[in-house]
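Undergrad:
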Amino acid sequence: MPIIMDHVSHVYGADTAMAVAALKDVSLVIPDGQFIGLIGHTGSGKSTLVQHLNGLMKATSGNIYFNGEDIDSEGFDKKRLRSKVGLVFQYPEHQLFETDVFSDVCFGPKNLGLSQKEVQLRAYEALKLVGLEDDYFYQSPFDLSGGQKRRVAIAGVLAMKPEVLILDEPTAGLDPKGRDEILDQVAKLKKETGITVILVSHSMDDVAKYVDRIIVMNKGSVMYDDEPREVFHHYMDLEKVGLAAPQVTYIMKDLQEHGIAVNDDVTTIDEAKEEIKKYLTKLAQGKQQNT
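Shown next, in the form of structure tokens:
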């Protein structure tokens, strides 16, 4: 069942002179199994939005529905909601605290009241899903690399068996290799499990490479909501609000402006390779016909 946001607004410090509208009349449908990129400049409302999806924050107005139920209705089980809509915060490794990796991942499912056998099985499966080798299971999480810690933190959420996984800037502070490893693992996880993934990111290149749909936030409102190709077609409007298209899009536009007949409506390196390959093939065929 989808998550539905119906005309949701959130005001920090409502009824005070310091009131700030963080979300303004946001309506969205998050269907099952979609890979969504949520982008926007700092202060655009991204983090506020995702914290509404699992009930960490309550809407000032509007309604949010999960599996057809209003999450703010009386008697709604928000503990269960948070096990089904898992949120991994930015720098999640700061939340690691157990003596070893396996114990840390067991913490969430243990609090669901499951048997020890089920808790351990979930922890093992989650650690394998994020690609962590068995050799690391009983090491201190604080002895791991930044990327490995990030994987452990994600595994801790996956062990709850969520239907929706929200990642708030999951690659923040990682080097390029660590960033690619985390996002490749998330993409693999998405493919293998069919879980809904919401990726909050500042990196247009990362979003373009992995997601099916992009939601652009600006000043608390939804600016664009479409597939990546359509969103990045508006790159000039994105630039006005502190965003941009992926780097490869600008490169292709430069090539076209210099008389090279390639489609500039591409968003990933693989797409650019195919476009350039087509151009070179046509060029070679033209030369052969002229000889």
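This note's numbering applies: residue 616 is where the sequence shown begins, and numbers increase by one. Virtual Cβ for every residue (Gly too), placed ideally from N, Cα, C.
(1) Would you be able to state if there are at least three C-beta pairs under 8 Å between the region 790-804 and the region 755-770?
(2) Considering only residues of the same chain and omitting the five flanking positions on each side of P646, which have a CB-CB separation below 8 Å?
(3) Report the residue ranges of all beta strand (DSSP E) runs contained in full by the region 835-900; include only those spanning at least 3 residues, in chain order.
(4) What residue range is occupied by the uninterrupted beta strand (DSSP E) comprising V826?
(5) Between E684, I813 and L727, which has its C-alpha nearest V703's C-alpha?
(6) Throw me the rounded Cβ distance for the Q862 and D821 pair, which I believe falls under 8 Å.
(7) Have a look at S816, G683, D827 and I679 and flag the residue whose alpha-carbon is nearest the alpha-carbon of K806.
(8) Within its chain, find whatever has a CB closer than 7 Å to the CB of Y850; leave out the 5 residues flanking it on each side and keep chain order.
(9) Which residues in the same chain have their Cβ closer than 7 Å to the Cβ of N833, if we skip the five residues on either side of it in sequence?
(10) Give a yes or no on whether the C-beta atoms belonging to V720 and Q754 are separated by under 9 Å.
(11) Between which two residues does the alpha helix (DSSP H) holding A741 run?
(12) Tell me whether L789 sits in a helix, a strand or coil according to DSSP, three-state version.
(13) The beta strand (DSSP E) spanning D621 covers which residue range?
(14) Would DSSP call E689 helix, strand or coil?
(15) Ignore the nearest five residues each way along the sequence and tell me which others in K661's own chain have a CB closer than 6 Å to its CB.
(16) Quick one: give me the first and last residue of the alpha helix (DSSP H) that S718 is part of.
(17) Can you give the Cα-Cα distance for S730 and G788, rounded to whole angstroms?
(18) Thinking just about the alpha-carbon of each residue, which of P756, I769 and P777 is nearest to the one in L727?
(19) Count Cβ pairs between the region 732-750 and the region 764-780 that sit closer than 8 Å; are there 3 or more?
(20) Considering Cα atoms alone, identify which of G771, A636 and F752 is closest to S698.
(21) Could you spell out the range, first to last residue, of the alpha helix (DSSP H) harbouring L773?
(22) Report back the beta-carbon spacing between I866 and P843 to the nearest angstrom; my notes put them in contact at under 8 Å.
(23) One question on the structure: do E708 and P756 come within less than 9 Å of each other, judged by their Cβ atoms?
(24) Residues bridged to S797 by DSSP?
(25) Which same chain residues end up closer than 7 Å to V877 when comparing Cβ atoms and leaving out the 5 residues on each side of it in sequence?
(26) Report yes or no: do the region 619-639 and the region 662-681 share at least 3 C-beta pairs separated by less than 8 Å?
(27) Can you tell me which of Q649, A632 and D880 puts its alpha carbon nearest to the alpha carbon of V801?
(28) If you draw a straight line from the C-alpha of I884 to the C-alpha of D687, how long is it?
(29) G670 and L711 look like a contact to me (Cβ under 8 Å); what is the Cβ gap, rounded to whole Å?
(30) Rounded to the nearest angstrom, what separates T808 and L773 at their Cα positions?
(31) Considering only the beta carbon of each residue, do V644 and I619 sit closer than 9 Å?
TA: So, to answer that:
(1) yes
(2) Counting from one through the sequence shown, the residue named residue 646 turns up at place 31. Here the set comprises P617 and T811.
(3) 836-841
(4) Translated into positions along the sequence shown, residue 826 becomes position 211. No beta strand (DSSP E) contains V826, which DSSP labels as neither H nor E.
(5) Here residue 703 refers to the residue found at position 88 when the sequence shown is read from its first residue. Comparing Cα-Cα distances from V703 to each of E684, I813 and L727, the minimum goes to I813.
(6) For the purposes of this step, residue 862 is taken as the residue at position 247 of the sequence shown. For the purposes of this step, residue 821 is taken as the residue at position 206 of the sequence shown. With 8 Å as the limit, Q862 and D821 do not qualify as a contact, their Cβ atoms being about 11 Å apart.
(7) Here residue 806 refers to the residue found at position 191 of the sequence shown. Answer by Cα proximity: D827.
(8) Translated into positions along the sequence shown, residue 850 becomes position 235. Around Y850: A859, A860 and T864.
(9) Numbered from its first residue, the sequence shown carries residue 833 at position 218. Excluding positions up to five away in sequence, the list reads G655, S659 and V856.
(10) On the sequence shown, residue 720 is found 105 positions in, with the first residue counted as 1. On the sequence shown, residue 754 is found 139 positions in, with the first residue counted as 1. Cβ distance not < 9 Å, so V720 and Q754 don't count as in contact.
(11) Along the sequence shown, read from residue 1 onward, the residue named residue 741 stands at position 126. Residues Q731 to L744.
(12) Position 174 of the sequence shown, counted from the first residue, corresponds to residue 789. DSSP places L789 in coil when its eight states are reduced to three.
(13) Here residue 621 is taken as the residue at index 6 of the sequence shown, counted from 1. Looking at the DSSP string, the run of the beta strand (DSSP E) that includes D621 is I618 to Y627.
(14) Numbered from its first residue, the sequence shown carries residue 689 at position 74. E689 falls in the coil class under three-state DSSP.
(15) Position 46 of the sequence shown, counted from the start, is the residue given in the question as residue 661. Excluding positions up to five away in sequence, the list reads L653, G655, V815 and M832.
(16) Walking along the sequence shown from the start, residue 718 turns up at place 103. Looking at the DSSP string, the run of the alpha helix (DSSP H) that includes S718 is V716 to K725.
(17) Within the sequence shown, the letter at position 115 stands for residue 730. Within the sequence shown, the letter at position 173 stands for residue 788. Each residue's Cα considered, the two are about 36 Å apart.
(18) For the purposes of this step, residue 727 is identified with residue 112 of the sequence shown, where counting begins at 1. That would be P777, whose Cα lies nearest to the Cα of L727.
(19) yes
(20) Residue 698 sits at position 83 when you count from the first residue of the sequence shown. When each option's Cα is compared against that of S698, the closest is G771.
(21) The residue you call residue 773 lines up with position 158 of the sequence shown. Element bounds for L773: G761 to L773.
(22) Reading the sequence shown from its first residue, position 251 is the one you call residue 866. Reading the sequence shown from its first residue, position 228 is the one you call residue 843. Contact doesn't hold; Cβ gap of about 16 Å is too wide.
(23) Position 93 of the sequence shown, counted from the first residue, corresponds to residue 708. Position 141 of the sequence shown, counted from the first residue, corresponds to residue 756. Yes, these two residues count as a Cβ contact at 9 Å.
(24) Mapped onto the sequence shown, residue 797 falls at position 182. Before going on, a small fix: residue 797 reads as Ile here, not Ser. Paired residue(s): none; I797 is not in a bridge.
(25) In the sequence shown, the residue the question calls residue 877 occupies position 262. Closer than 7 Å at Cβ, skipping near neighbours: M867, L870, Q871, E890, I891 and Y894.
(26) yes
(27) Mapped onto the sequence shown, residue 801 falls at position 186. Answer by Cα proximity: Q649.
(28) As a position in the sequence shown, residue 884 is number 269, starting the count at 1. As a position in the sequence shown, residue 687 is number 72, starting the count at 1. Those two C-alpha atoms are separated by around 43 Å.
(29) On the sequence shown, position 55 is the one that residue 670 refers to. On the sequence shown, position 96 is the one that residue 711 refers to. Contact doesn't hold; Cβ gap of about 23 Å is too wide.
(30) Counting from 1 along the sequence shown, the entry for residue 808 is found at position 193. Counting from 1 along the sequence shown, the entry for residue 773 is found at position 158. T808 and L773: Cα-Cα distance of roughly 11 Å.
(31) Residue numbering aside, residue 644 sits at position 29 when the sequence shown is read from its first letter. Residue numbering aside, residue 619 sits at position 4 when the sequence shown is read from its first letter. Cβ atoms of V644 and I619: closer than 9 Å.
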